[in-house]
Each structure stands twice: as C-alpha cells, then as structure tokens.
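Accompanying notes for the structure given below.
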Amino acid sequence: MEIIIRDDLSPPDEVLEALAHHMPYSLPTSRRIQFMNTSAGRQTAYSHILSTFAASKPTSTSTSSPTPAPEFLIAYLDFSRGPNAEMWLYSSIEHPTIPSSAAVCEAQLLALLTHVAGLEQEYVNSNSASAPRANQGNMLIASLHVKVWGLLKKHSLVKMQSPEHLKFLFKVANLPAVRELPEGLVWASVRAEDIPLVLSRTAIPYKAELMKALPSVAIQTSAGVPIAWAFLGPDGSLKTLHCEVSKPSTPPYRKRTILTQTYHQEEYRGRGLAKAVSVKLLRDRAVDLVQDGWYHADVAVENLQSQGVCRSLKGTVEWSVYYAWIRIS
C-alpha cells in the first residue's frame, strides 16, 4: 500500500473537515492549525500542513472528491519553532469510538516521518548559518497521544520523553464566572518585562519571544508585581499556570539563594488565584480565538495542584499524552 504525504502551506478543506469530525479528540492539532493566523501561532516560511489526504484530481466522469479512507493522519510542522515543540499530529487511531486499523495508522505514521526527514534536510541546508538545528535528526512533538506514542515506541523512535501527562478538556459553558479579586490585587496581562520571572518559574525552556506573543492574564499587586499568571499556548491549551507562594521582600526577578531570606507573611496560594486567572484567560482573552467552546490542558501525573485547578474548572481527564523527542533520521 503506497502512502502519499500531502504537504500544504495552509490547511485544505479535507483537513479541516476531518479534524472537525473528530473533535474533541483532534483538539490540540486542530487548534494549532487554527492558530496559524494569530500572533500566538503565526505561520512562518517553514510551516507545513501534512496529511494523508491525496490532492483530488478532477476526472471527465466525476467532479467530486474521492471518499477519504477511515484511517488518516494530519500534522502541523514548523522546524523554526525549535527547541520548543515543532509538531502536533492527529491520527484517526486516537478516536475512541470510530474504528481505525492500527496497521494502517502505523504505516501512515512511518511514512510521515520519512517525509519529515526530507523536510528537515531542506531546512538545515537553507538555515545552517542563521538558524541551525540544535537537535538535528530529532523532532519534538507536543501533546502526543499515548496510542501514537506506543506505535513510535514499538519502532524505537522515541529518543526521550516527558513524564506522562493527563489531557484535561474544558467547555467554556461549564466554567465558573470571573471572580472579583481581593483588595490590593488587580487584573493585567503579562508584560514583556515580566517574562524573565515567568521563565524562572518553569522547568520548560520556552523561548522568550514565543511567550511574549501568547495571550496571557496576570494578577498583580497594586505595586505592579505579578503574583499569578496563565498563558494560552499555540495549540489553544492552558499553559504555564503559576501562582507565587508569598510576597518576597526582594525584587521578584532577583535570584533568591540566601537561606535566611525573609518573606512577608502574605500567602498567595490557597486563595483560589490560580483558578481565577485561568477562568479570566479562558473567558475573556481566549473567547475571540476559540469559537467552539473547547479548551484543553496537559498536566503531569505528579502535579496534583494543577490537576486540582483543572478539576475546579469542571475539566475532565480524557486521555494521556507525552511530549517526546522522536528520531526522524
């Protein structure tokens, strides 16, 4: 069986229709493609929409497109996004109720990686000086469904992976109302000058330029110090959610390595601020970007605090994902 990988600069109708038909299971890849038209996920010269939908060819006997096979694969790829996530993909094998042949989906996945290896070589040849690939021969895939991860693992293609993450789904109609903040705290957006603080609070090496482009909501003190924040990722996910523990007596960006460092006794955690900033982001900042009311988040299995926040937003765990470095050559 020959599998042809179609390569488009923008999503063809077949791709959009297939993703819509498989919602909400196609949500991460669907959002990443939708967000190509926003500052958060802007299209670049290296963006590719890859799929197993062969380009339709008009014939003398019919003007309709061929009926697509039940098994399909769709991926978004952009090598210029590295070292952050470079690919999101959806395989029909992920849908829990629509049957798909595992063997066919596996073959499609391997064909995709063969095609991607060629695209990587083209990228390296044209960007060897200006934007070299730090991890040539490998690609970081975000929010990789456990079933697809298993197929890649079977072929020893998983070089490295994150811990297991739980995929939470939210519906905007089920979110609580935006609450009023306690006295002395105000709503704001994350400013460019706040990004160093944000990056210091996460173990994930995000690019500062990427974070500046993402929609965000912050809670600040009356003095303008951010104490809680959340971002909407390039795939429409709730990400980098954080609430400071307490108010430090030193400027927030200073490295605090002295064990005798004193803190004011104003505790921020345990007051519902992480939940509040999440609701504000999804209800106010993201509503213009998301028309179908679906949101999602990936939370590590050991991150019980963030799981609690997601459940307080009426989120439900639907499947497991990994963030994985995949060998492509």
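For the sequence shown, this note's numbering begins at -17 and goes up steadily by one.
Backbone N, C-alpha and C fix where the C-beta goes; we use that ideal spot for every residue, glycine too.
DSSP-derived helix/strand/coil call for residue i
i	result
Q202	strand
M319	Because residue 319 is not part of the residues shown, which for the chain are -17 to 311, the question remains open.
E53	coil
R(-12)	strand
A195	helix
E300	strand
R251	coil
T335	This structure leaves residue 335 out entirely; the chain is present only between -17 and 311.
S171	coil
K189	coil
P208	strand
R309	strand
V130	helix
L271	coil
L263	helix
T242	Model confidence at T242 stands at a pLDDT of 31, short of 50, so the residue's coordinates are unreliable and nothing is read from them.
Whether residue i touches residue j by CB criterion (8 Å)
i	j	result
S33	L55	yes
V154	R265	yes
G64	L122	yes
P208	V160	no
E68	L59	yes
A195	L181	no
H4	L101	no
E(-4)	F35	yes
D217	R(-12)	no
L286	L157	no
Y93	I(-15)	Note that residue 93 corresponds to Ala in the displayed sequence, not to Tyr. A contact, by the Cβ cut-off of 8 Å.
V272	E249	no
V291	V199	no
A369	Q143	Nothing can be reported for residue 369, as the shown portion of the chain is limited to -17 through 311.
F61	V299	no
A185	L255	no
A124	I310	no
S108	Q90	no
H127	E175	no
T192	R267	Note on identity: in this sequence residue 192 is Leu, with Thr being the wrong assignment. No. Outside cutoff.
L71	A84	no
N66	Y188	yes
Where residue i falls, given that 16 or more other Cβ within 10 Å makes a residue buried
i	result
P(-7)	buried
R24	exposed
M(-17)	exposed
V283	exposed
T11	buried
A0	buried
S219	buried
P197	buried
I308	buried
L(-9)	exposed
K257	buried
H147	buried
R183	exposed
H97	buried
G206	exposed
G252	exposed
S138	exposed
A27	exposed
S21	exposed
A212	buried
Extent of the continuous alpha helix (DSSP H) run through residue i
i	result
H3	-5 to 3
L181	177 to 182
T79	Here T79 belongs to no alpha helix (DSSP H), and DSSP marks it neither H nor E.
K153	K153 -> not in any alpha helix (DSSP H); beta strand (DSSP E) instead, spanning 147 to 153.
Y105	84 to 109
P216	Where P216 is concerned, there is no enclosing alpha helix (DSSP H), given that its DSSP letter is neither H nor E.
S294	286 to 294
Residue-chain proximity (residue i, chain C), Cβ-Cβ < 8 Å
i	result
S302	The chain inventory of the structure shown lacks chain C, comprising one protein chain alone.
For residue i, the first and last residue of its enclosing beta strand (DSSP E)
i	result
L122	120 to 127
H30	29 to 33
S8	Unbroken run through S8: none, as it is neither H nor E.
L71	69 to 73
H278	276 to 282
Item checked: the segment 269 to 283 / the segment 215 to 230 touching (three or more Cβ pairs under 8 Å) -> Contact between the segment 269 to 283 and the segment 215 to 230 is present, because at least three Cβ pairs lie under 8 Å.
Margin query: Within 8 Å, do at least three Cβ pairs link the segment 252 to 268 to the segment 116 to 132?
Written below: With the cut-off at 8 Å, the segment 116 to 132 and the segment 252 to 268 do not touch.
Check: Are the segment 126 to 145 and the segment 300 to 308 in contact at 8 Å, needing three or more beta carbon pairs?
Finding: Flag = yes, the segment 126 to 145 and the segment 300 to 308 touch.
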